[in-house]
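First the structure, in the form of structure tokens, and then the observations on it.
Numbering (my numbering), first residue to last: 12 to 160.
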């Protein structure tokens, strides 16, 4: 009886170790490879090269992209959620006015962060629309955007 119990505990521990390893590998892969695909799925034209995503997650900074046409409020929120999800993060807070949309998120996949209103933040997204050129500009910053938008 003891032998069966020990075997069951061993199998259970082994399953937990395998599950944790899969989780860690998936988070690492997504944070370093899939951000480029998230921008591509949303048809954003990046001003920087695609290696910028890896540099962004390691050193911080910002990336700027363009999208033709105007986005609705729900499209802006979906874009923020998707881009934050790519890094294994979640949407923490949003602010919207007639001129811009700003979203803040956090992921444990990026080592550095800022604390704002008691919440850890290390992903920042801003979306603006230019009526003259009919173009939406998307700014993604880690940990925060330090530029006018």
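Backbone N, C-alpha and C fix where the C-beta goes; we use that ideal spot for every residue, glycine too.
- Of the candidates 123, 16 and 148, the residue whose Cα lies closest to the Cα of residue 71 is 123.
- Between residue 103 and residue 120 a beta carbon distance of about 15 angstroms is seen, past the 8 angstroms cut, so the two are scored as non-contacting.
- For residue 90, the secondary structure class from DSSP, reduced to helix, strand or coil, is helix.
- Ranked by how close their Cα comes to the Cα of residue 89, the residues 113, 69 and 66 have 113 in first place.
- Note on geometry: alpha-carbon atoms of residue 13 and residue 26 lie some 20 angstroms from one another.
- Under DSSP, residue 134 forms a beta bridge with 116.
- Taking the Cα positions, residue 74 is about 14 angstroms away from residue 95.
- Bridge partners of residue 125 according to DSSP: 132.
- DSSP places residue 156 in the coil class of the three-state scheme, outside both helix and strand.
- The criterion of a C-beta distance shorter than 9 angstroms is satisfied by residue 135 and residue 151.
- Here residue 158 is exposed. Its C-beta has fewer than 16 other C-beta atoms within 10 Å.
- In the assembly as shown, residue 137 is a buried residue. Its beta-carbon has 16 or more other beta-carbons within 10 Å.
- The three-state reading of DSSP puts residue 79 in strand, counting E and B together.
- In this chain, the beta strand (DSSP E) harbouring residue 104 covers 101-107.
- Taken through DSSP and simplified to helix, strand or coil, residue 143 comes out as coil.
- According to DSSP, residue 71 shares a beta bridge with no other residue.
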